[in-house]
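Note sheet for the following structure.
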DNA sequence: CAAACCCTGTGACTTGGTCACATACGGTCC
DNA sequence: GGACCGTATGTGACCAAGTCACAGGGTTTG
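Residue numbers (the working numbering), protein chains in the order written: chain U, 34 to 254; chain G, 34 to 254.
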């Protein structure tokens, strides 16, 4: 990809004046990261504002007992704004970010970021919008963990992570880490779904046979 | 309070150039809100950046089943940055903010906020720092709700909310709302603490008699 | 004082998380 | 093909936490 091309991935940036766009393009660089790369984690923070071009990054938290929970995902067209905020500001991250796939991203150095924030209301709007989307995500996670039933959350997550054919390649352990619960809990719930004929399972694989039933559970009051 | 005085409450603003400070002071106004005021909530957002002078504001989430959880508190010297981000950007708030005490705050209109963000790197730093502190708070809430035992969380909260004499004026219901759990759960845990001689309780009142024991539980691995 | 309202206590039950194993499946290496 | 090994899944017992229903006991208010 030529460095000039990536702007087209970000509708929020289209309205930037030409001079700012060129400054952005000139001082940023496109980075490639292989799947599995740890992008940041407790004690290690990036020094640039990140715009995702290809791939997805998973941001998660790990407890001292080894349990995990996925906070949100950053995918193509998103910015990883929270990362930047946290690194600009306060203390260490408790969360970590992992490249789930091969990733291509634009890295905007802090100085450039600060300069463009100062010069462009459109860029500020872009950044704050990205912020607030993430914060909304976090609010949703809190609400679900605190108040929602595990079967409902699992149904939601299965629908989210399935491809158009209703096919999912995740182990029970991975699903447990998505929701911040234990593997056995997922196994039991999946057995129940299977008993009802909503899904079929095999080692590392789940297929949704009755998406409507799952959807109804997922949106249940 | 004279409008020029409030700047002294915010160390992060001391380094602002004089012209920016005067712009800030000129276009902002000090607002007073009585205890119990709902500052924002789902479907209602403020239109200004808020700096707290006196009092505390509680930001919480309410589930459809009526259970509540406190996300964080904003007190004197803090800015309510998340509010602003969410209102600048994305969709509706799921959370609501309530004045816990009488509150005095500086309201900076959106236009002024945007202008000063553009002009002052110091102000940007101030804002992003406030952001990241809140995000860190949210990460901590998620970690606790997802992974921490309720007795540990209750011990922490009792220590947090007690005055220097170890005195707390909260009902079991209010403590349940702090932690996002049910009233009965709090009642049972408090009975257990009392049975161990760590606290004494009366209607609407808790007194900590062995803070060390609570502290040990609160920091338990 | 009585009624209404809030705060607290309690038992029975359901859901979810933990622990300790038992199996079963998918590879690789002779 | 068969032995072996690491990972994935199944299961039962148990504990922790949330739900439901209801009973008293204070406090406040008319």
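Ideal Cβ placement from N, Cα and C applies to all residues, glycine included. Everything numeric in this text was worked out from a predicted model, so none of it was measured.
- For residue 253/U, the CB contacts under 8 Å within the same chain, skipping 5 residues up- and downstream, are 185 in chain order.
- In the displayed model, residue 165/U falls within a helix according to three-state DSSP.
- When 179/U, 170/U, 172/U, 209/U are compared, the shortest CA-CA separation from residue 188/U is found for 209/U.
- The beta carbon of residue 246/G is closer than 6 Å to those of 231 in its chain, skipping five residues each way along the sequence.
- Within 7 Å of the CB of residue 94/G, the CB atoms of chain U belong to 172, 175, 176, in sequence order along the chain.
- Residue pairing of residue 140/U in beta bridges, as defined by DSSP: 62/U, 83/U.
- At a cut-off of 8 Å between C-beta atoms, residue 100/G counts as an interface residue with respect to chain U.
- Rounded to whole angstroms, the separation of the alpha carbons of residue 174/U and residue 46/U is 28 Å.
- Taken through DSSP and simplified to helix, strand or coil, residue 246/G comes out as helix.
- Around residue 127/U, the beta-carbon contacts reaching into chain G at under 8 Å are 169, 172, 173, 176.
- Bounds of the beta strand (DSSP E) holding residue 129/U are 128-132.
- Burial of residue 205/G is indicated by the presence of at least 16 other C-beta atoms within 10 angstroms of its C-beta.
- Here DSSP, grouped into helix, strand and coil, assigns residue 202/U to coil.
- Counting only Cβ-Cβ distances below 8 Å, residue 147/U has contacts in chain G at 154, 157, in chain order.
- By alpha-carbon distance to residue 140/U, the top candidate from 40/U, 54/U, 61/U is 61/U.
- Residue burial annotation: residue 213/G is buried, with at least 16 other C-beta atoms found within 10 angstroms of its C-beta.
- Annotation for residue 114/G: 160, 163, 164, 167 place their beta carbon closer than 7 Å to its own, counting only its chain and skipping 5 residues before and after.
- Among the bridge pairs identified by DSSP, residue 232/G is matched with 241/G.
- Collapsing the DSSP output to three states places residue 55/G in a helix.
- In the three-state scheme derived from DSSP, where H, G and I count as helix and E and B as strand, residue 220/U is classed as helix.
- Taking the Cα of residue 198/G as reference, the smallest distance to any Cα among 179/G, 242/G, 225/G, 180/G is reached at 242/G.
- By the 16-neighbour rule on beta-carbons within 10 angstroms, residue 98/U is exposed.
- Cβ neighbours of residue 194/U within its own chain (closer than 6 Å, five residues either side excluded): 201.
- The residues 106, 108, 133, 134, in chain order, have a CB closer than 6 Å to that of residue 89/U in the same chain once the five nearest residues on each side in sequence are set aside.
- The CB of residue 151/G comes closer than 9 Å to the CB of 150, 151, 152, 153, 154, 157 in chain U, given here in chain order.
- Counted as a single uninterrupted DSSP element, the alpha helix (DSSP H) harbouring residue 185/G occupies residues 183-194.
- For residue 236/U, the closest of 207/U, 172/U, 181/U by C-alpha to C-alpha distance is 207/U.
- Looking only at 240/U, 81/U, 42/U, 71/U, the smallest Cα-Cα distance to residue 146/U is reached by 81/U.
- Taking the Cβ atoms as the reference, residue 84/G lies roughly 6 Å from residue 138/G, within the contact range of under 8 Å.
- Assigned with DSSP and collapsed to three states, residue 180/U falls in helix.
- Residue 74/U is bridged by DSSP to 77/U.
- Residues of the segment 207-219 of chain G with a Cβ closer than 7 Å to any Cβ of chain U, in chain order: 213.
- Here residue 177/G is buried. Its C-beta has 16 or more other C-beta atoms within 10 Å.
- Contacts with chain U at 8 Å (Cβ-Cβ) include residue 180/G.
- Counting C-beta atoms within 10 angstroms of its own C-beta, residue 64/U has fewer than 16 neighbours from the protein chains shown and is therefore classed as exposed.
- Think of a sphere of 8 Å around the beta carbon of residue 104/G: the chain U residues whose beta carbon falls inside it are 172, 175, in chain order.
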